[in-house]
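Student:
In this note's numbering, the protein residues as written are 54 to 476.
(1) Using 10 angstroms around the beta-carbon of residue 387, count the other beta-carbons present and answer buried if the total reaches 16, otherwise exposed.
(2) So the candidates are 151, 313 and 175; which of them puts its Cα closest to the Cα of residue 226?
(3) Helix, strand or coil for residue 456, going by three-state DSSP, please let me know.
(4) Sorted by chain position, which residues of the same chain lie with C-beta nearer than 8 Å to residue 396's C-beta, five sequence neighbours on each side aside?
(5) Report the rounded CA-to-CA distance for residue 430 versus residue 180, giving the unit in angstroms.
(6) Counting along the chain, where does the beta strand (DSSP E) carrying residue 466 start and finish?
(7) At the level of alpha carbons, what is the spacing between residue 299 and residue 306?
(8) Rounded to whole angstroms, what is the Cα-Cα separation between residue 22 and residue 250?
(9) Give the C-beta separation of residue 280 and residue 288 to the nearest angstrom, bearing in mind that I take them to be a contact with Cβ-Cβ under 8 Å.
(10) Taking the straight line between their C-alpha atoms, what separation do you get for residue 126 and residue 444?
(11) If I measure Cβ to Cβ from residue 240 and keep anything under 6 Å in the same chain, skipping five residues before and after, which residues do I get?
(12) Between residue 260 and the rest of its own chain, which residues show a CB-CB distance below 6 Å, the 5 nearest in sequence each way excluded?
(13) Candidates 434, 268 and 314: which alpha carbon is nearest residue 187's?
(14) Taking the Cβ atom as the reference point for each residue, do residue 310 and residue 290 lie within a distance shorter than 7 Å?
(15) Is it true that the CB of residue 197 sits closer than 7 Å to the CB of residue 244?
(16) If you reduce the DSSP assignment to three classes, tell me which class residue 349 lands in.
(17) Out of 276, 462, 439 and 458, point me to the one whose CA is closest to residue 450's CA.
(18) Taking the alpha carbon of residue 170 as the reference point, which residue from 365, 320, 229 and 343 has its own alpha carbon closest?
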């Protein structure tokens, strides 16, 4: 029987060894699986930690951007360092902080809001003026202001209060109260799309800031710059425009004069006899595939934006800002006697007044000593946004950005029914 035992023993030992090997392999596999699970948990924890760090960094970045956008709270005192005549009617004011501290950056196209203390007015006159230089010029802010004289056809009309005060009364060394840069009409330098910059009259100022900023930032897309003026002596920044076009292959400048004089030579001093408009764009641009930035008087704005839309330019690619006072025109004639009277209640101030049918709600408030903070007075800046408790309004011209439901922009709004404002 010994001859039978030996093989069985060998087989049993072999089975034991095989089982041992399998158990060891299982143990190794379990350890590997366990290690993999630990590794996955560690990896997931690292991803969660990284996500948290990214979220924190993003929140800090947004906070920093908000701080940059805010600039400063309330007004800050600026000294007029220099006054430079750009033309017979336009003067540039170079402003530096009176406290000697640094200037926060701004977005090209934004504006400053001024509280001007005129000697014959009890309350400051609030006006907005576009920044006309590049944000890369960090030592100063610059605005370029056109002096508004009575029009030739109405010499008895009053001149522009703020512009004449700045031109005639504010000299170098004077101190002005200024709010931080603001406004949603600006060039996004990170967007990197071909652009068309259009300025009508002194509306050139914000788009000129965009052009200088784009050139300083190495913007590598096509840039077309159209400026409309009556004649050569009305055109500002001519030398700067020529220099920027000569220095940057992607920049094309077209100066358009509607009433050129004998001193203006077509093809040398200017490029087009006529108005800035879409028919000209069709002749000069290879397509309509651009982002259009437009600033000018309301009639020009209305015509150009409508024609661009008819040309097939998407609404999102037509970006604009009107300038000047609200276009609600005061009329001498009172409302018809049989027209229903409209009342406006300023709830916080406890005043209820009748609307004449001519003025904006902001003017109505000011006429009745109701304080509503304001800026551009043209529906651009949103400073005057006010809640509507009841009633409805419409606008003489469309606002640059429609306010939230239940609110209005009193600077260009007029009531369409009895109205209660939270002011």
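Quick reminder that beta carbons are idealized off the backbone N, C-alpha and C, glycines included.
Tutor: Taking the coordinates as given:
(1) Confidence in residue 387 is poor, its pLDDT being 43 and thus under 50, which makes the residue's placement unreliable; the coordinate value appears in the next sentence. By the 10 Å Cβ count, residue 387 comes out exposed.
(2) 151
(3) coil
(4) 405, 406, 407, 408, 471 and 472
(5) 8 Å
(6) 466–468
(7) 10 Å
(8) One cannot answer for residue 22 here, as it falls past the ends of the chain, which runs 54 to 476.
(9) 7 Å
(10) 33 Å
(11) 161, 162 and 263
(12) 250, 252, 346 and 348
(13) 268
(14) no
(15) no
(16) strand
(17) 462
(18) 229
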